[in-house]
Amino acid sequence: MRAAVLWCIVGVLLLVAQAIWAGSISPVWIPDLSLLAVVAAALVLGPAEGLIVACLIGFGTDMLSGSLMGQHAFVRVLEFVVVRGFAGQLDLVRFLPQVVTGLGLSAMDAALMAGLGAAFTEVFPLSWTEVGVLMPRALLTAACAPLVGRMAIRVTAWLSDDDTRHEIRLATRRAVL
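Count along the sequence shown from 1, add 194, and you get the number used in our numbering.
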């Protein structure tokens, strides 16, 4: 429970940081921090807690971005489900699977947002000039995914009640060389 509350707080703080940076830095150099928070939540939280955190992060993104209400929430929940599905099949704790998953999720995020925007506004909101911005941003987000994943695992292990590091003592009766 503490980990879920922590990731809700971290998600909100990352959204605020991304909104502040968006005013002063080019969008190419800002990774999708809400996507990274959802990936981290998928790696360390259970299914029910993670879905709630992903939905809250998505609604927070909707409020700050001015998009259709529920659009980012829907996409973040889908991304959470995809990451949980991949985590069941792949070892997403390793560097390369996290980078590939981050890159795929960034591309999926752009495609879903453009598709949902086209479905509700009848105008396809993604132009070729925006693709030039989204590709470097997707690469930056993918490069940041392993760092955020490792941080999430360490912080959640630190917060957990059980001691995951057990001391091993060998009780031998004879001398061991």
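For each residue, glycine too, the CB sits at the ideal point set by N, CA and C. Note that the structure is a prediction, hence the values are computed from the model and not measured.
Can you tell me whether residue i is buried or exposed? The criterion is at least 16 other CB atoms within 10 Å of its CB, across all chains shown.
i    : result
E273 : buried
T350 : buried
I219 : exposed
D256 : buried
S300 : buried
R348 : exposed
V312 : Checking the sequence, you will find Ala at residue 312 rather than Val. Counting Cβ neighbours within 10 Å, A312 comes out exposed, since fewer than 16 surround it.
P340 : buried
Tell me whether residue i sits in a helix, a strand or coil according to DSSP, three-state version.
i    : result
P330 : helix
G252 : helix
R270 : helix
I224 : coil
S259 : helix
E316 : coil
S354 : coil
R288 : coil
L239 : coil
S321 : coil
G264 : coil
Residue range of the alpha helix (DSSP H) that residue i falls in?
i    : result
W201 : R196 to S218
Inspect the beta-carbon positions of residue i and residue j and report whether they are closer than 7 Å.
i    : j    : result
G146 : V206 : In this structure the chain extends from 195 to 371, so residue 146 is not present and cannot be described.
A308 : L239 : no
S228 : L209 : yes
V247 : A235 : yes
Q292 : G217 : no
A346 : L297 : no
I251 : A231 : yes
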